[in-house]
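> I have a structure I would like to understand better, so I am pasting it below and will then ask my questions one at a time.
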């Protein structure tokens, strides 16, 4: 059974292997214990390495002229070391309570703060209190702290730069704010952050938190934290700073394309018009506006109402603030310029006009007679008689554009809209959460109606299922009456589902009526104010669609420029200059003789624009409208474009046009200086 | 009985005795009573050694199939009933004792694989015969990777190659596979770190695997993945020539699992260079003794089995001490007989028991 082995040669190879590996181990031990023994004994005596984070200064946010929008001010943080020896800790807490008594601290709540941190898994240095270092009380307390440091052996003071927004709510929604890092944000970024860090939560603070660019390692606003290894003895006292310091690098300063002077006027005028609207209709209170440089795509001002004041978020929200920011149907947390899609109303009509001119051989001389109603169905807002294209734009005649649209067709209209950035990706990447809006086409309508139907059916099914469970759990009912009730519910469910199925079958196809609605900016059309601004900029500059930009440049803390924006062309529209100029003539007449004449007359501004009144919801019986205005200036050599939406505006589009006028006035008065 | 290698028996008991004594120091500051627990394990281990060493090892060759099936069974059981700790299912709990089936599978594997190689004593030295042998070893290996227990998987690689080298398979071809495999792993990791070639491992696993090359460069100045390695170096280095004395080590308290994975750091700190060299000498004699037993065993099965256990012991010793000395990646496999690791301790006693039985049946007495 047992077999004789072939050779013993392997044994010697093994022996050599043993000798080799044991020699390596012994040499290494000799090196560590004999040659370097002293060095390690010193390290061991001082007993431990600790890593101290060196805080970094977050980058500032500036406007295009260098005015500070967000910055960091010094705050003194007193921390308490839980690893210190017990006797020291007791002394420290006792004396800390005396020191902080003017701020209503006592030993009990200091211990509570430490306990709470421990429960969250934070040990070592725990922050007890933050005191603004530039206020007299703060200076006094910190001064006393340094005098009495010897009686506070396990406490330390760190001067930490803390965020501050000098302009408060102005541009607040776009600048955003910073807050404590959440578990989700921490996960996957453990090498960048610690659990006690602050990160950008909204707006530019969030989108520019980390800035990556090839050949450039600095990390946007956040900067990079430094570390300092220190040796501490067995009582936690620092013995020595290790040479291996890894210095912190301050965050980059971000300059926006915003001109804060223009921004202030825009914000003020929005506030004024919104408060006027609110006086007339309690539903009012929100709106959005944007100002573009038409030749670069730079955003010069953008306003989202109601306001968000970033300073409110720094110390945690009060109850009233929670109510305002989080339980508010006007949603101050949303940046309405980029995140909310509004129905455009009549400002869409230039798309219909350009589509007909370019794709269907129609001319400005095309005429239609407005009798006040189109196809016995859609009303025009007045009886305009026989009008041509420019007049139709000036007086915003619905009938004319419906006739025009039926000539050119929905395919050409949507093709045109997309070239102007409507219903497609805006190309805007400087903030997060940008909506694409909704452009109705044959396909997108079918999908939309299908989603609507599915959503309703899901809701009904869930509701029925919930009711059935409730009936089944109701012990007061007999089983036969339960069955009856459930049968009734099931029948009702089937009827409701059949209703939505039928509705879907009736609405999934594209009808001429849909084209009529789209042509005048109603129906399912929905675009962000950013998109409206992009559209008008493109029209104004003769057909070049630029990538919208908010970040103008970035520079390191010592002033070295690391990024400067250059205009990026997204696409050029297919329409000719003549076709665009034809539309512009109509838009100029809007201001001189048309729907916006009362606002701009006597202003001395050279403006072309278009008004819009947009239905606020899906239901057609809703009589309330948002006021919309888009325009650019000067007409001959355009520089800026403005898009404004005021929700439930008191004077409809005139309210929005008033905002545009104020901004244009300010722009040219600034330029004149 | 008179043929038994009493030196080897003595070395086994000596190592276990040292391991037990070390628990008096390493248990300082631990909640559980490590001294009593280890004492119980040592007693169980010695009883196991006595029983196993009295069983004729050739019997194991005859029950190859049941051994192989038992091995697969316990490895599957741990995947089903194992308690998950830090994302790995390595342990089954019975009362206060935890059992690590992958440890016990090593004994079953050496006995079964040895029998397989013995059965294929006559082979044509082809690639095919080598790959068939690999196929035999593949199933337990993959089950251990599934737990996952990377440390034991590496021990398996050492045992597989160690035994194949001792067998009659073509050694040149085995060498090509061994070095080819090593080269692929090294090149892959290097390419991953330099130009980002994808690798089926999480970043932290790779970092754990490479940080020993420079523990201070772990991105946190030696307080991240490199922390344990640095603390181990300080502990060992600060022992100097003569050490700080039994029970007087303090630096090791900065190390987690000082009683197990980092027991060698405790030896280094408390007994110094003299202590660590003494341990290395004892291990060296222990291994050479086992080698001589293999040499003197005249049948192929016994020879391959001893070489399997020698490979196992050698890998545990070199990897564990190497990791303490920052020469090898941290994998967390215990130091034979010295680490307070229950399952491993009993497995080591059983392996010694089998080697002792083989020594009893040798044909010639030297020395």
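Residue numbers (the working numbering), protein chains in the order written: chain X, 94 to 766; chain E, 31 to 397.
Note that the Cβ used here is the ideal one computed from N, Cα and C, for glycine as well.
Would you check whether the ligand SAH has a heavy atom nearer than 6 Å to the C-beta of residue 256 of chain X?
As far as ligands go, the structure on display features none, and thus does not contain the ligand SAH.
> Determine whether the Cβ of residue 395 of chain E lies closer than 7 Å to any Cβ atom of chain X.
Any reading at residue 395 of chain E needs caution, since the residue's pLDDT is 46, under 50, leaving its predicted position unreliable; the model's value is listed next. No, its Cβ sits nowhere closer than 7 Å to a Cβ of chain X.
> Checking contacts by CB at 7 Å: is residue 342 of chain X closer than that to chain E?
No, no contact with chain E.
> Out of curiosity, what's the CA-to-CA distance linking residue 393 of chain X and residue 512 of chain X?
C-alpha separation (whole angstroms): 23 Å.
> Could you pull out every residue in the same chain whose Cβ sits closer than 7 Å to the Cβ of residue 597 of chain X, ignoring the five residues on either side in sequence?
Closer than 7 Å at the Cβ level, and outside the excluded window around residue 597 of chain X, lie 542, 543 and 546.
> Looking only at C-alpha atoms, which of X:763, X:743 and X:754 sits nearest to residue 370 of chain X?
Here the closest residue by C-alpha is X:743.
> Residue 303 of chain X touches chain E at which residues, Cβ-Cβ below 9 Å?
What residue 303 of chain X touches in chain E: nothing, since even the nearest Cβ is about 17 Å away.
> Examine chain X for any beta-carbon lying closer than 7 Å to the beta-carbon of residue 268 of chain E, and answer yes or no.
Interface residue, yes.
> Among X:707, X:230 and X:316, which one has its Cα closest to the Cα of residue 740 of chain X?
With distances taken between Cα atoms, residue 740 of chain X lies closest to X:707.
> Note down, in chain order, all residues in the segment 144–175 of chain E with a beta-carbon under 7 Å from any beta-carbon belonging to chain X.
For the segment 144–175 of chain E, which is checked against every Cβ of chain X, the residues closer than 7 Å are 148 and 151.
> Please compile the residues from chain E whose C-beta is within a distance smaller than 9 Å of the C-beta of residue 114 of chain X.
Here the neighbours are 344, 347, 348 and 352.
> If you measure beta-carbon to beta-carbon, which residues of the segment 282–315 of chain E are closer than 7 Å to chain X?
Answer set for the segment 282–315 of chain E: 284, 298, 302, 303, 306, 307, 310 and 314.
> Would you call the segment 723–739 of chain X and the segment 628–647 of chain X touching, i.e. three or more CB-CB distances under 8 Å?
Yes, they touch.
> Output, in sequence order along the chain, the residues in the segment 316–336 of chain E whose CB is closer than 9 Å to any CB in chain X.
Answer set for the segment 316–336 of chain E: 317, 318, 321, 322, 324, 325, 327, 328, 329, 330, 331, 332, 333 and 334.
> Rounded to the nearest angstrom, what separates residue 165 of chain E and residue 174 of chain X at their Cα positions?
About 57 Å.
> Name, please, each residue of chain X whose Cβ falls closer than 8 Å to the Cβ of residue 263 of chain E.
Within chain X, the residues near residue 263 of chain E are 125 and 133.
> Among X:765, X:722 and X:132, which has the Cα closest to the Cα of residue 746 of chain X?
Here the closest residue by C-alpha is X:722.
> My output table needs one value for residue 749 of chain X: the three-state DSSP class, helix, strand or coil.
Looking at residue 749 of chain X - three-state DSSP - the assignment turns out to be helix.
> So, for residue 378 of chain E: in the same chain, excluding its five sequence neighbours on each side, which residues have a beta-carbon less than 6 Å away from its beta-carbon?
Excluding positions up to five away in sequence, the list reads 366 and 367.
> Measuring only the C-alpha atoms, how far is residue 234 of chain X from residue 222 of chain X?
Approximately 12 Å, taken between the alpha carbons.
> Taking the alpha carbon of residue 180 of chain E as the reference point, which residue from E:349, E:332, E:128 and E:163 has its own alpha carbon closest?
Nearest C-alpha to residue 180 of chain E: E:349.
> Assuming residue 756 of chain X and residue 435 of chain X are in contact, meaning their beta carbons sit under 8 Å apart, how far apart are those beta carbons, in whole angstroms?
Not really, about 18 Å apart at Cβ, beyond 8 Å.
> In chain order, what residues of the same chain lie with their CB nearer than 6 Å to the CB of residue 180 of chain X, ignoring the 5 residues before and after it?
Result list for residue 180 of chain X: empty, nothing under 6 Å.
> Out of curiosity, what's the CA-to-CA distance linking residue 698 of chain X and residue 727 of chain X?
Looking at the two C-alpha atoms, the distance is approximately 7 Å.
> So what's residue 435 of chain X in DSSP terms, helix, strand or just coil?
Residue 435 of chain X: strand per DSSP, three-state reduction.
> If we define contact as Cβ-Cβ less than 7 Å, is residue 107 of chain X a contact residue for chain E?
True, the Cβ-Cβ gap to chain E drops below 7 Å.
> Out of X:603, X:438, X:427 and X:440, point me to the one whose CA is closest to residue 264 of chain X's CA.
Here the closest residue by C-alpha is X:427.
> Starting from residue 451 of chain X and walking both ways along the alpha helix (DSSP H), at which residues does that stretch end?
Note, residue 451 of chain X: alpha helix (DSSP H), 442–452.
> Using a cut-off of 9 Å between C-beta atoms, extract the partners of residue 130 of chain X located in chain E.
Those are 267, 268, 269, 270, 271, 302 and 303, listed as they occur along chain E.
> Consult DSSP for residue 151 of chain X and reduce its assignment to one of helix, strand or coil.
The answer is coil: DSSP assigns residue 151 of chain X none of H, G, I, E or B.
> Helix or strand or just coil, what does DSSP make of residue 645 of chain X?
Note: residue 645 of chain X maps to strand in three-state DSSP.
> Does residue 357 of chain E come within less than 7 Å of chain X when only Cβ atoms are used?
Closer than 7 Å: yes.
> Is the Cβ of residue 376 of chain X closer than 7 Å to any Cβ of chain E?
With 7 Å as the cut-off, residue 376 of chain X does not count as an interface residue toward chain E.
> Would the segment 601–611 of chain X count as touching the segment 497–517 of chain X if we require 3 or more Cβ pairs under 8 Å?
Yes, they touch.
> Counting along the chain, where does the alpha helix (DSSP H) carrying residue 382 of chain E start and finish?
Note, residue 382 of chain E: alpha helix (DSSP H), 372–390.
> Our contact map puts residue 342 of chain X next to residue 317 of chain X with C-beta atoms below 8 Å; I'd like the distance itself, whole angstroms only.
Contact flag correct, Cβ pair sits at about 5 Å.
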